[in-house]
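Worksheet: one structure, shown below.
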Amino acid sequence: MSEIRGFGLLMLPGRTDLASVGAARRYARDTAQGWRLAADVVDDLESIVGELAANALEHSVSDPERGGSDLITVTLALTTATVTVGVTDAGPRRGIVAPVPPRSLPGAEQERGRGLLITEALADRWGLRRTRDCLTVWADVVTHTGHTP
């Protein structure tokens with residue numbers, strides 16, 4: 020396992036308020052820029068964090084009105100070669116299975132259904148970890164260079 024050279028943590032309200040997505044995107048951008056990562060890596064991290072945060076807000080039970088914990092957690096961990104993004108929520112609502120990208124592209128008129136496709140396209144790898152109390156969707160993005168913040 021690579022040594023962690025930088026770490027960031029952001030906790031967002033779990034309410035279905037997409038303003039939190041903007042806060043998560045800004046946090047990812049500011050953190051990655053603070054680590055002096057390449058502009059394309061910063062853009063990819065911002066997009067991935069935004070998509071995963073939107074999915075967490077839309078599909079999880081983190082919203083207290085749905086009986087959740089009221090929190091979504093975003094983490095960024097920098098190693099020499101990668102940044103690992105993690106977005107943790109209270110897990111999917113009942114009847115929703117683990118997140119997987121759709122088998123086909125959503126229609127042009129559809130406003131949703133692209134988050135994991137975007138994550139899959141931008142990340143070098145991604146996956147999920149489920150525990151009894153939460154679900155974390157993570158993504159690794161290669162930073163292109165060895166880096167010391």
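With the first letter of the sequence shown counted as 1, position 99 gets the number 118 in the working numbering; the numbers rise by one all the way through.
We put the beta carbon where it would ideally sit given N, CA and C, even for glycine.
- The residue from A109, T50, T155, L90 with its alpha-carbon nearest to that of G25 is T50.
- Scanning the region 56-101 from its first residue to its last, the whole beta strand (DSSP E) runs of 3-plus residues come out as 90-97.
- According to the DSSP secondary-structure assignment, L31 is paired through a beta bridge with I91.
- Note on D108: 16 or more other CB atoms within 10 angstroms of its CB, so buried under the neighbour-count rule.
- Take L71, set aside five residues on each side of it, and the residues of its chain with a beta-carbon closer than 6 Å to its own are V106, V156, in chain order.
- Cβ-Cβ distances below 7 Å link I137 to S66, E70 in the same chain, with the five nearest sequence neighbours on each side left out; the list follows chain order.
- Collapsing the DSSP output to three states places T103 in a strand.
- Under the three-state reduction of DSSP output, R44 falls in the helix class.
- Where G146 is concerned, the enclosing beta strand (DSSP E) starts and stops at 144-149.
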